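Here the structure comes first, spelled out in structure tokens, and everything after it is commentary.
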Amino acid sequence: MNRTASFLLFGLVFGLTATGILWSAEPSAKPSPSAEAQERTRKTVRMLDDVYKTAVVLITDKYVNDDDDFPAGSAAIALFGEIGKKGWHDVRLLDVTGNPYDAKNVAKDEFEKQGVSQLKAGKEYYEQIVEKDGKPFLRAMTPVPVVMQKCVMCHPHYADAKKGAAVGAISYTLPIE
């Protein structure tokens, strides 16, 4: 190979390397989900939040009349379990008071712990976009306040809750598609 060809080859390799086409010191970044896809997923969370919370209120109002009745929160947890088994999304009911009805209803990971902290501080919504198994997911949390006197039947410590304050939270994990 003559000297000119060597310089041309060196220049080409150097140029491609410098621009990251041939080699990169950083792993290639995966494209983040589009703003439209993120907003569609947020809209789905808002819809699910309305559906789930409305169901709990209606169940409590119509079917929970004494201590022996099946609590609406337990019905919600059973529903959330079935939704997760079918692969739609993950959703959990969490305690925010520090005195959970069931020990399973506490924040389990850093996202949920931070979300509980944010909701206790009065925030109405908390989210993060995360990657799981190479795919983007929206993790979101919304507050659950005491909305009716019947809630105190199963949760006597809610009697002192400030109106509108979060006593619980719903934690969502949805794929961003």
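Take the sequence shown: its letters are residues 11 to 187, numbered as in the working numbering. We put the CB at the ideal spot given by N, CA and C, even for glycine. In this text, all values refer to a predicted model and were calculated from it rather than measured experimentally.
What's the call for residue i, buried or exposed, on a 16-neighbour Cβ count within 10 Å?
i, result
"Gly144", "exposed"
"Asp105", "buried"
"Gly97", "exposed"
"Phe80", "exposed"
"Leu184", "buried"
"Val61", "exposed"
"Arg149", "buried"
"Gly91", "exposed"
"Val140", "exposed"
"Gly83", "buried"
"Ser38", "Below a pLDDT of 50, predicted positions are generally treated as unreliable, and Ser38, at 48, falls in that range; no measurement from the model is reported."
"Thr64", "exposed"
Sorted by chain position, which residues of the same chain lie with C-beta nearer than 7 Å to residue i's C-beta, five sequence neighbours on each side aside?
i, result
"His167", "Thr107, Asn109"
"Ala169", "Val162"
"Gly21", "A caution first: Gly21 carries a pLDDT of 43, below 50, which makes its placement in the model unreliable, though a value can still be read off. Nothing meets the Cβ criterion."
"Thr152", "Asp59, Tyr135, Ala179, Ile180"
"Ala175", "Pro155"
"Thr54", "Leu184"
Does DSSP classify residue i as helix, strand or coil?
i, result
"Gly190", "Not covered by the structure: residue 190. The range shown for the chain is 11 to 187."
"Thr51", "helix"
"Glu141", "strand"
"Pro166", "helix"
"Ile186", "coil"
"Met151", "strand"
"Gly2", "Because the chain in this structure spans residues 11 to 187, residue 2 falls outside the shown range and cannot be described."
"Asp78", "coil"
"Asp119", "coil"
"Ala188", "Given that the chain is displayed from residue 11 to residue 187, the structure contains no residue 188 and the question cannot be resolved."
"Gly125", "helix"
"Gly91", "helix"
"Ala45", "helix"
"Ala175", "coil"
So the candidates are the options; which of them puts its Cα closest to the Cα of residue i?
i, options, result
"Asp112", "Arg102, Phe121, Gly97, Glu120", "Arg102"
"Glu137", "Gly94, Tyr182, Val177", "Tyr182"
"Leu89", "Cys164, Gln48, Ile69", "Ile69"
I'd like the list of long-range same chain contacts for residue i, defined as Cβ closer than 6 Å, with 5 residues on each side in sequence excluded.
i, result
"Ala86", "Val66, Leu103"
Could you tell me if the beta carbon of residue i falls within a distance shorter than 7 Å of some heavy atom in the ligand HEM?
i, result
"Val154", "As for the ligand HEM, it is missing from this structure, which has no ligand bound."
In chain order, what residues of the same chain lie with their CB nearer than 8 Å to the CB of residue i, ignoring the 5 residues before and after it?
i, result
"Val126", "Leu104, Val106, Ala117, Met151, Ala179"
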